[in-house]
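When we follow the working numbering, the leftmost residue of the sequence shown carries the number 1072, and every step to the right adds one. Note that CB positions come from ideal geometry on N, CA and C, so glycine has one too. Quantities reported herein were computed from a predicted structural model and do not represent experimental measurements.
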Amino acid sequence: MRRFGSFLALVGGLSLAVAAVTPALAHEHPSGITDLVTPAVVRIEATAKIKVTLLDHIGELLHVERSYDVPIGTGTGTVVNPEGAMVTLTRVVKNDLDLEVYAANKIFAAHHKVKIPADFERHTLKDEQLNHHLQECYPPKQPTATCIFDVTTDLRVFPNIAPADKEGFKAEIVRTGDKPDSPAVLRPVGRADGGAGLPTAPLATVVPTKDASPVAVAGFTGRPAANLPETVDIGHLRAGGAGESGRQFRDPESKVNEPEKLGALVDRGLIGGPVIEDKKGEVVGLLVGGGKDARMIGIREVTKALAEADVAPRRGPIDAAFEQALTRFHTHYYGAAVPAFQRVLDLYPGHTVAAAHLKTSQQKRGTAEDAGTKGATAVADTGETPLWPLLVAGAVLVGVVVVCALLLWRRRSSAPDSPESPPAPTRPPLTNPPAQTRPPLTNPPSAPPGPALDEKADATIVVGRSFPALPRTPTSPGQPVLVAKGPDTKREPGSKPADTPTQQKYCTGCGMGLGPAHSFCGYCGQSVKT
């Protein structure tokens, strides 16, 4: 029983090992990919819409209305949940320029036909009356103000989809930081993308601390289009630096001036774009700076801003399907990747990365590059994980079970049975029924000495009889019993012979004596009629 329990424990351990290997393989991602992030990269354009009304009462009172669009900033954002919440930099959606001053200069110059620069500075005019009205047009608003302003910010988000969305969708500011390079949180307004939502980017929990850690940056230098896809470049993080001051870049081989190279990308539109870790493809920070000094703010500042905005980053159903397809694609199972990418496009038809990988998978499916065709048969296009690893593991497990069972059976069959011997039976003294009296035996024959007991084997009890061997009487079916007659003795004078000869019955199974009314042996339980 102990061996059998050990055998069951072995089988259970093997089963758990096989079950543990499968999910571990399902969740591995190849190294150095940016495909998990680039579908969630968006282009953000912020514009201030200023409506101004000039009250001209130099002559007759006139209401002059104008509307101006003033660019605030452009940059790159990253979607962090299926509902469309995004992170970027504050400078992309907000600046410190006085937009009302700009509108006052524009409308006053156009209406009064004077030369005033269209900038964000306050100016004066030589004409005292016009200058008085101009100064009263500038903010802040006063009871005698000659201008009324209405300023709103229009945020347009252009996702990474094909065909490109020329109009984009509107968004609103949820939170901005105190500094231009602080993270800002946005959310879409009136966007309906179905139940699956938008693709998202995975956020890391820590920033690589090793010097010259390889990373990648991604973003758009303009509105996404067929001839203007996302821009991806590589870099290396210098050790040290944290917080909003940022962490610098450095080429470990000193062949490229990475701060200058990435700074040029910042100026072209990658400002606020994600910095992607090389191993797992997760976002570890946002790209800041510009000119000849590009830097990165870490993921802790990003997650802090999301928490203050009450926005929870999470992955969605599109991302789950896309990760499964990417696993098959990057492990060269192109036949299995085709239906997986088709599933992603069913959930989100504009997925550019899924569409590109689907085209590649269809071209390589069934070729020598397809890992699914290197075996005996190609992997079926089922859209699910290939079953052959599970079948092989199951066959190995069954083989181990069979071998262990055979070894256990042979071992148990070759071992001698050694059950514990029951205690030696003690034959109860024979008693004659009251109706039958037996004369005492004279000179009974002595029993021959029994053989010596074997100490190593099972002990056998040899019982000597005080009377001759028992003759077997003919028995009918149903009464296979031995009958013994007492030894012949001389009857004493005056005694009466018994009506029937004295007979003693014995069990044919164990040899114990039976009484005249016994139907079963008192020792072994065998029926006297069997």
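Residue i classed as buried or exposed, judged by whether at least 16 other C-beta atoms fall within 10 angstroms
{"i": "residue 1551", "result": "Any reading at residue 1551 must be qualified, since the residue scores a pLDDT of 47, below 50, and its modelled position is unreliable; no value is offered."}
{"i": "residue 1253", "result": "buried"}
{"i": "residue 1232", "result": "buried"}
{"i": "residue 1595", "result": "exposed"}
{"i": "residue 1377", "result": "buried"}
{"i": "residue 1590", "result": "exposed"}
{"i": "residue 1276", "result": "exposed"}
{"i": "residue 1441", "result": "buried"}
{"i": "residue 1195", "result": "exposed"}
{"i": "residue 1190", "result": "exposed"}
{"i": "residue 1125", "result": "buried"}
{"i": "residue 1333", "result": "buried"}
{"i": "residue 1167", "result": "exposed"}
{"i": "residue 1588", "result": "exposed"}
{"i": "residue 1152", "result": "buried"}
{"i": "residue 1176", "result": "buried"}
{"i": "residue 1279", "result": "buried"}
{"i": "residue 1129", "result": "exposed"}
{"i": "residue 1241", "result": "exposed"}
{"i": "residue 1482", "result": "exposed"}
{"i": "residue 1171", "result": "buried"}
{"i": "residue 1471", "result": "exposed"}
{"i": "residue 1284", "result": "buried"}
Euclidean distance between Cα positions of residue i and residue j
{"i": "residue 1340", "j": "residue 1209", "result": "33 Å"}
{"i": "residue 1282", "j": "residue 1323", "result": "9 Å"}
{"i": "residue 1586", "j": "residue 1577", "result": "9 Å"}
{"i": "residue 1223", "j": "residue 1122", "result": "9 Å"}
{"i": "residue 1366", "j": "residue 1443", "result": "43 Å"}
{"i": "residue 1593", "j": "residue 1479", "result": "39 Å"}
{"i": "residue 1462", "j": "residue 1438", "result": "24 Å"}
{"i": "residue 1267", "j": "residue 1119", "result": "32 Å"}
{"i": "residue 1258", "j": "residue 1329", "result": "32 Å"}
{"i": "residue 1344", "j": "residue 1159", "result": "7 Å"}
{"i": "residue 1145", "j": "residue 1397", "result": "31 Å"}
{"i": "residue 1402", "j": "residue 1432", "result": "11 Å"}
{"i": "residue 1249", "j": "residue 1255", "result": "10 Å"}
{"i": "residue 1202", "j": "residue 1215", "result": "14 Å"}
{"i": "residue 1309", "j": "residue 1163", "result": "25 Å"}
{"i": "residue 1180", "j": "residue 1187", "result": "6 Å"}
{"i": "residue 1581", "j": "residue 1597", "result": "9 Å"}
{"i": "residue 1347", "j": "residue 1291", "result": "15 Å"}
{"i": "residue 1182", "j": "residue 1135", "result": "8 Å"}
{"i": "residue 1289", "j": "residue 1230", "result": "14 Å"}
{"i": "residue 1467", "j": "residue 1156", "result": "48 Å"}
{"i": "residue 1238", "j": "residue 1143", "result": "18 Å"}
{"i": "residue 1200", "j": "residue 1141", "result": "29 Å"}
{"i": "residue 1165", "j": "residue 1351", "result": "33 Å"}
{"i": "residue 1213", "j": "residue 1127", "result": "15 Å"}
Candidates the options: closest to residue i by CA position
{"i": "residue 1384", "options": "1370, 1144, 1184 and 1226", "result": "1370"}
{"i": "residue 1236", "options": "1255, 1296 and 1202", "result": "1296"}
{"i": "residue 1193", "options": "1200, 1169, 1390 and 1216", "result": "1169"}
{"i": "residue 1132", "options": "1443, 1152, 1177 and 1217", "result": "1217"}
{"i": "residue 1270", "options": "1464, 1463 and 1393", "result": "1393"}
{"i": "residue 1104", "options": "1349, 1381, 1413 and 1386", "result": "1349"}
{"i": "residue 1107", "options": "1115, 1117, 1143 and 1150", "result": "1150"}
{"i": "residue 1234", "options": "1130, 1300 and 1579", "result": "1300"}
{"i": "residue 1185", "options": "1143, 1355 and 1205", "result": "1205"}
{"i": "residue 1307", "options": "1470, 1290, 1356 and 1164", "result": "1356"}
{"i": "residue 1302", "options": "1211, 1109 and 1481", "result": "1109"}
{"i": "residue 1408", "options": "1395, 1416 and 1418", "result": "1395"}
{"i": "residue 1373", "options": "1247, 1226, 1476 and 1579", "result": "1247"}
{"i": "residue 1436", "options": "1404, 1154 and 1477", "result": "1404"}
{"i": "residue 1274", "options": "1468, 1418, 1599 and 1390", "result": "1390"}
{"i": "residue 1320", "options": "1475, 1245, 1213 and 1368", "result": "1368"}
{"i": "residue 1364", "options": "1458, 1338, 1381 and 1117", "result": "1338"}
{"i": "residue 1225", "options": "1400, 1244, 1211 and 1375", "result": "1244"}
{"i": "residue 1111", "options": "1579, 1386 and 1410", "result": "1386"}
Beta bridge counterpart(s) of residue i as assigned by DSSP
{"i": "residue 1258", "result": "1243"}
{"i": "residue 1136", "result": "1124"}
{"i": "residue 1316", "result": "Note: residue 1316 sits in no beta bridge, so no partner."}
{"i": "residue 1472", "result": "Residue 1472 is not bridged to any residue."}
{"i": "residue 1116", "result": "1145 and 1227"}
{"i": "residue 1580", "result": "According to DSSP, residue 1580 bridges with nothing at all."}
{"i": "residue 1290", "result": "1302"}
{"i": "residue 1345", "result": "1357"}
{"i": "residue 1222", "result": "1121"}
{"i": "residue 1232", "result": "1422"}
Neighbour flag for residue i against chain C, beta carbons, 8 Å
{"i": "residue 1366", "result": "Going by chain labels, chain C is absent from the structure shown, which holds only one protein chain."}
Quiz item: Whole beta strand (DSSP E) runs in the segment 1348–1422 with 3 or more residues, listed along the chain?
Solution: 1354–1361 and 1364–1369
Quiz item: Which full runs of the alpha helix (DSSP H) of 4+ residues lie inside the segment 1138–1173, going along the chain?
Solution: 1161–1164
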